[in-house]
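Down below is the structure, laid out as structure tokens.
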Amino acid sequence: MRFCWTTIKVSDLEDSIRFYQDIVGLQLQRKYEAGPGKEIAFLAAETGQTEVELIADENQTKVEIGNDISLGFTVASIQDKLKFVQNEGIKVLAGPISPNPEIEFFYVSDPDGVKIQFVENK
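To get my numbering, take the position in the sequence shown, counting from 1, and add 14.
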């Protein structure tokens, strides 16, 4: 068994695609219309890896995101990523946090409030 993707409903598909490409560093794998007023985009670090599925539905303009979920992405340098997101004007929600000497991370939000965790394994 393999974990395929995480689905996130979004209010603005293009804004969310930009965030996941430009800030997180994922690549757009495919994008298509999924019926009247519905568009879907899949992004991943590389083809064949676990994907983030973004769904925009013009009939559902309000997106409900829970506080107790986050998506974690590894980075080569937590300090470099922290500088990058700050230069992009993205607010850091928490961190950097190092619960043990082997890991360090911080959180930001995507355009709809999903918590994104950037993680450096040391």
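For every residue, glycine included, the Cβ atom is placed at its ideal position computed from N, Cα and C.
Query, Result
"Inter-residue spacing [alpha-carbon to alpha-carbon] between residue 112 and residue 122", "16 Å"
"Residue range of the unbroken beta strand (DSSP E) whose run includes residue 43", "41 to 47"
"Own chain, CB closer than 7 Å to residue 21, minus 5 neighbours either side, in chain order", "67 and 69"
"Residue 87 beta carbon less than 9 Å from that of residue 106", "no"
"C-alpha gap between residue 54 and residue 93, whole angstroms", "33 Å"
"As assigned by DSSP and simplified to three states, the class of residue 60", "coil"
"Distance, residue 133 Cα to residue 99 Cα", "14 Å"
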